[in-house]
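Visitor: Residue numbers (the UniProt record's numbering): 1 to 268.
This structure is in structure tokens; I'll ask about it shortly.
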Amino acid sequence: MLHPQTGQLEPLLSRFTEEEELQMTRMLQRMDVLAKKATEMGVRLMVDAEQTYFQPAISRLTLEMQRKFNVEKPLIFNTYQCYLKDAYDNVTLDVELARREGWCFGAKLVRGAYLAQERARAAEIGYEDPINPTYEATNAMYHRCLDYVLEELKHNAKAKVMVASHNEDTVRFALRRMEELGLHPADHQVYFGQLLGMCDQISFPLGQAGYPVYKYVPYGPVMEVLPYLSRRALENSSLMKGTHRERQLLWLELLRRLRTGSLFHRPA
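Below you can see the structure in the form of structure tokens.
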């Protein structure tokens with residue numbers, strides 16, 4: 001930028017301090033160690049998403065790891081928060097980038113967990129609210145992003161997606177589109193994920209039908225894990241309705257076992 005008084009060129013942004021550069025180097029080294037370990041163990045590394053004011057840096061670092069480690073298959077997955085207005089643009093841009101650069105696309109689709117924080121910060125600072133205006137709009141965005149990725153999977157056998165959702169309508173949508181596009185569960189291109197202890201009425205039938213299903217287990221100190229779980233509950237406004245449905249299903253199963261005299265499991 002040209003300084004109006006001195007006429008000298010000056011940087012728009014301040015440089016990192018030595019300490020900040022050291023922190024950046026350490027972070028890159030740690031990500032590299034994690035990615036190499038995931039490669040060694042043959043497992044996928046899914047990088048979680050955070051608030052919009054952190055996410056560009058997270059996505060950029062994840063992209064660098066994808067370029068390096070997703071050459072043969074998608075080991076590194078980026079997370080896309082579909083409650084954001086720009087979610088579809090983010091997904092389509094990264095798919096196109098993967099095509100042009102020749103690495104394997106891997107995505108985890110979630111709804112998003114920081115709605116209240118994002119809206120409060122946007123109102124306080126005075127910029128446009130980055131969140132979709134309604135829950136229905138977020139559902140539509142999720143399905144739009146998922147549909148685009150599933151279309152990519154049809155034409156690219158190396159691309160993969162994790163449908164991380166507790167929403168029964170979203171899971172039904174995914175299954176219907178998979179059938180229409182000829183994407184088979186045995187191909188292991190589409191994974192489903194729910195939190196351990198939540199929405200087993202979704203997870204178990206999927207697993208029994210041959211779909212890859214993962215139960216997510218948060219691990220860490222209690223005072224850190226509990227706020228995380230509360231954010232997951234807020235992430236999906238239908239979750240409490242889902243727990244009510246789970247109770248109904250459990251009561252029905254209990255009554256069935258009482259009627260048939262099979263209340264307690266008897267090993268063969």
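Here a beta-carbon is modelled for each residue, glycine too, at the ideal position from N, C-alpha and C.
Could you check what DSSP says for methionine 240 in three-state terms: helix, strand or coil?
Guide: Numbered from its first residue, the sequence shown carries residue 240 at position 240. Interpretation of methionine 240 is limited by its pLDDT of 49, a score under 50 that renders its predicted location unreliable; the figure taken from the coordinates is listed afterwards. Secondary structure at methionine 240: helix, using DSSP grouped into helix, strand and coil.
Visitor: Terminal residues of the continuous alpha helix (DSSP H) containing asparagine 70?
Guide: Translated into positions along the sequence shown, residue 70 becomes position 70. Neither: asparagine 70 is in no alpha helix (DSSP H) and is coded neither H nor E.
Visitor: Just to confirm my understanding: we take histidine 188, look at its own chain, exclude 5 residues before and 5 after, and list those with CB closer than 7 Å. What are they?
Guide: By one-based count along the sequence shown, residue 188 stands at place 188. Answer for histidine 188: Pro212, listed in chain order.
Visitor: Out of curiosity, what's the CA-to-CA distance linking glutamate 118 and glutamate 50?
Guide: The residue you call residue 118 lines up with position 118 of the sequence shown. The residue you call residue 50 lines up with position 50 of the sequence shown. Distance between the alpha carbons of glutamate 118 and glutamate 50: 11 Å.
Visitor: From the DSSP output, which residues share a beta bridge with alanine 164?
Guide: By one-based count along the sequence shown, residue 164 stands at place 164. Alanine 164 pairs with Gly193.
Visitor: Assuming tyrosine 88 is part of the alpha helix (DSSP H), what are its boundary residues?
Guide: Along the sequence shown, one-based indexing puts residue 88 at 88. That run of the alpha helix (DSSP H) goes 87-101.
Visitor: Which residues share a DSSP beta bridge with asparagine 78?
Guide: Numbered from 1 along the sequence shown, position 78 holds the residue referred to as residue 78. Asparagine 78 pairs with Ala107.
Visitor: Roughly how many angstroms lie between the CA atoms of leucine 239 and glutamate 18, to the nearest whole one?
Guide: The sequence position of residue 239 within the sequence shown is 239, counting from 1. The sequence position of residue 18 within the sequence shown is 18, counting from 1. Any reading at leucine 239 is ruled out, since the residue's pLDDT is 48, under 50, leaving its predicted position unreliable.
Visitor: For the 8 Å Cβ check, are there 3 or more pairs between the stretch 123-137 and the stretch 175-186?
Guide: With the rule of 3 Cβ pairs closer than 8 Å, the stretch 123-137 does not count as touching the stretch 175-186.
Visitor: So, do the stretch 166-182 and the stretch 29-46 have three or more beta carbon pairs nearer to each other than 8 Å?
Guide: no
Visitor: Would you mind stating whether cysteine 104 and lysine 73 have Cβ atoms separated by less than 8 Å?
Guide: As a first step, residue 104 is located in the sequence shown; it is residue number 104 there, counting from the start. As a first step, residue 73 is located in the sequence shown; it is residue number 73 there, counting from the start. Yes. Within cutoff.
Visitor: State the CB to CB distance for the pair alanine 164 and valine 110, rounded to an integer number of angstroms; the pair is presumed to be in contact (CB under 8 Å).
Guide: Numbered from 1 along the sequence shown, position 164 holds the residue referred to as residue 164. Numbered from 1 along the sequence shown, position 110 holds the residue referred to as residue 110. Confirmed, Cβ separation roughly 5 Å.
Visitor: Return helix, strand or coil for valine 213, following the three-state DSSP convention.
Guide: The residue given as residue 213 occupies position 213 in the sequence shown. Valine 213: strand per DSSP, three-state reduction.
Visitor: Please state whether the Cβ-Cβ distance between arginine 44 and alanine 38 is less than 8 Å.
Guide: Residue mapping note: residue 44 aligns to position 44 of the sequence shown, counting from 1. Residue mapping note: residue 38 aligns to position 38 of the sequence shown, counting from 1. The answer is yes: Cβ separation under 8 Å.
Visitor: Would you identify the three-state DSSP class for methionine 27, choosing helix, strand or coil?
Guide: Here the question's residue 27 lines up with position 27 in the sequence shown. DSSP places methionine 27 in helix when its eight states are reduced to three.
Visitor: According to the neighbour-count rule (16 or more other Cβ atoms, all chains shown, within 10 Å of its Cβ), is alanine 159 buried or exposed?
Guide: Sequence index remark: in the sequence shown, residue 159 carries index 159 (1-based). The residue in question, alanine 159, is buried, as its Cβ has 16 or more Cβ neighbours within 10 Å.
Visitor: With DSSP run on the structure shown, which of helix, strand or coil describes leucine 150?
Guide: Stepping through the sequence shown from its first residue, residue 150 is reached at position 150. Helix, per DSSP.
Visitor: Based on the DSSP output, what are the partners of isoleucine 131 in its beta bridges?
Guide: To locate residue 131, count along the sequence shown from 1; it is residue 131. Isoleucine 131 pairs with Leu84.
Visitor: Taking buried to mean at least 16 other C-beta atoms within 10 Å of its own C-beta, is methionine 46 buried or exposed?
Guide: Residue mapping note: residue 46 aligns to position 46 of the sequence shown, counting from 1. Counting the other CB atoms within 10 Å of its CB gives methionine 46 a total of 16 or more, which places it among the buried residues.
Visitor: Kindly list the residues whose CB is nearer than 6 Å to the CB of glutamate 124, restricted to its own chain and excluding five residues on each side of it in sequence; keep chain order.
Guide: Counting from one through the sequence shown, the residue named residue 124 turns up at place 124. Taken in chain order, the list of residues that qualify is empty.
Visitor: Which residues in the same chain have their Cβ closer than 8 Å to the Cβ of isoleucine 202, if we skip the five residues on either side of it in sequence?
Guide: The residue labelled residue 202 in the question sits at position 202 within the sequence shown. Closer than 8 Å at the Cβ level, and outside the excluded window around isoleucine 202, lie His166, Glu168, Val171, Phe192, Gln194.
Visitor: If you draw a straight line from the C-alpha of valine 95 to the C-alpha of tyrosine 80, how long is it?
Guide: For this step, residue 95 is matched to residue 95 along the sequence shown. For this step, residue 80 is matched to residue 80 along the sequence shown. Their Cα atoms are separated by approximately 12 Å.
Visitor: Grab me the residues of leucine 150's own chain with a C-beta within less than 8 Å of its C-beta, minus the 5 sequence neighbours each way, in chain order.
Guide: One-based indexing of the sequence shown puts residue 150 at position 150. Excluding residues within five positions, the ones whose Cβ falls inside 8 Å are Val161, Ala174, Arg177, Met178, Leu181, Leu183, Val190.
Visitor: Classify valine 71: buried if its beta carbon has 16 or more other beta carbons within 10 angstroms, exposed otherwise.
Guide: By one-based count along the sequence shown, residue 71 stands at place 71. So valine 71 counts as exposed.
Visitor: What I want to know is whether the C-beta of tyrosine 216 ends up closer than 7 Å to one or more non-hydrogen atoms of the ligand NAD.
Guide: Looking for the ligand NAD in the displayed structure turns up nothing, as the structure carries no ligands at all.
Visitor: Within its chain, find whatever has a CB closer than 6 Å to the CB of arginine 231; leave out the 5 residues flanking it on each side and keep chain order.
Guide: Position 231 of the sequence shown, counting from 1, holds the residue named residue 231. The residues Ala113, in chain order, have a CB closer than 6 Å to that of arginine 231 in the same chain once the five nearest residues on each side in sequence are set aside.
Visitor: Against chain B, does cysteine 104 count as a neighbour if the rule is that its beta carbon must be under 8 Å from one of theirs?
Guide: The structure shown contains no chain B; it holds only a single protein chain.
Visitor: Look at tyrosine 53 and cysteine 145 and say whether their C-beta atoms are less than 8 Å apart.
Guide: Taking the first residue of the sequence shown as 1, we reach residue 53 at position 53. Taking the first residue of the sequence shown as 1, we reach residue 145 at position 145. Cβ atoms of tyrosine 53 and cysteine 145: not closer than 8 Å.
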